[in-house]
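*Asks:* Just so we're aligned, residue 86 is where the sequence shown starts under the numbering used here, counting upward by one. Each residue gets a CB set at the ideal place from its N, CA and C atoms; glycine is no exception. This one's a predicted model, so the numbers in the text were calculated from it and none came from an experiment.
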Amino acid sequence: MRWIWVRHGRTAANVMKRYIGHLDEPLDEVGVDQVDRLAEAFRDFPITRIYSSDLRRAQATASAIAQVHQQNPILTPALRELNFGDWEGKSYEEIAQGDALLLSRWLANPCEIAPPNGERLEELGARFEQWLRSELGQMQEEGTYLFVTHGGPIRWFLSQYAIPKRSFWDVTVPTHGDSLVLDVICSEEGFRYRVDFMIFCSGILSE
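Spelled out as structure tokens, the structure:
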């Protein structure tokens, strides 16, 4: 089974390096160009089904790819970014000024520490994996499934099922508008994957 993880195109808040987990930011001009390039890069892929976070930046990315394949993306909040709570819309510097100690604790242990009124990484992983497993029964072993999501869910999956398991922050994820193509084996115990190649917003393939 082939899974394609696509990180949504760029937003203005991304440029300003603000935490925008559940904030519903649109793509900026560069982001629109990125997803158009991605859609073209995926034109000849036999994509079985397209899933997407229900936030606008992901929806716009998924819709561009889906249009090429004459599909409608399946939207779900399970693919949303981490909820940053009171940190939403703030930069690292602004958060550090307000509560440097909590920020330090969160960076050291995001699985168990949450932003104020936000979500622990463990909670993101639980809702993400619960949804993923609910969809497995509808997936074909020879199918290709494309997921448009955010940096957090991609990083969580790659760290959780790396062999050996890796720290969340030690995993490199695609930048905005890029994607990662994986060959995946699913079992009751979890998922195993092999990185196949990456597709960048320029449409260049990297083995």
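State buried or exposed for Ile150, treating a residue as buried only when at least 16 other CB atoms are found within 10 Å of its CB.
*Replies:* buried
*Asks:* Among residues of its own chain, excluding the 5 on either side of Ser148, which ones have a beta-carbon nearer than 7 Å to its beta-carbon?
*Replies:* Answer for Ser148: Pro158, listed in chain order.
*Asks:* Identify whether Ile270 lies in helix, strand or coil by the three-state DSSP scheme.
*Replies:* Collapsing the DSSP output to three states places Ile270 in a strand.
*Asks:* Using a 10 Å radius around the Cβ and a threshold of 16 neighbouring Cβ atoms, would you call Ala143 buried or exposed?
*Replies:* buried
*Asks:* Is the beta carbon of Arg134 closer than 9 Å to that of Tyr278?
*Replies:* At the C-beta level, Tyr278 and Arg134 stay beyond 9 Å of one another.
*Asks:* Could you check the C-alpha separation between Ile89 and Thr234 for me, to the nearest Å?
*Replies:* Here the alpha carbon of Ile89 sits roughly 10 Å from the alpha carbon of Thr234.
*Asks:* Using only the alpha-carbon positions, how far apart do Arg103 and Phe232 sit?
*Replies:* Approximately 23 Å between the Cα atoms of the pair.
*Asks:* Are at least three pairs of beta-carbons, each pair with one atom in the segment 119–135 and one in the segment 184–196, less than 8 Å apart?
*Replies:* In short, these stretches do not touch, since the Cβ pair count stays below three.
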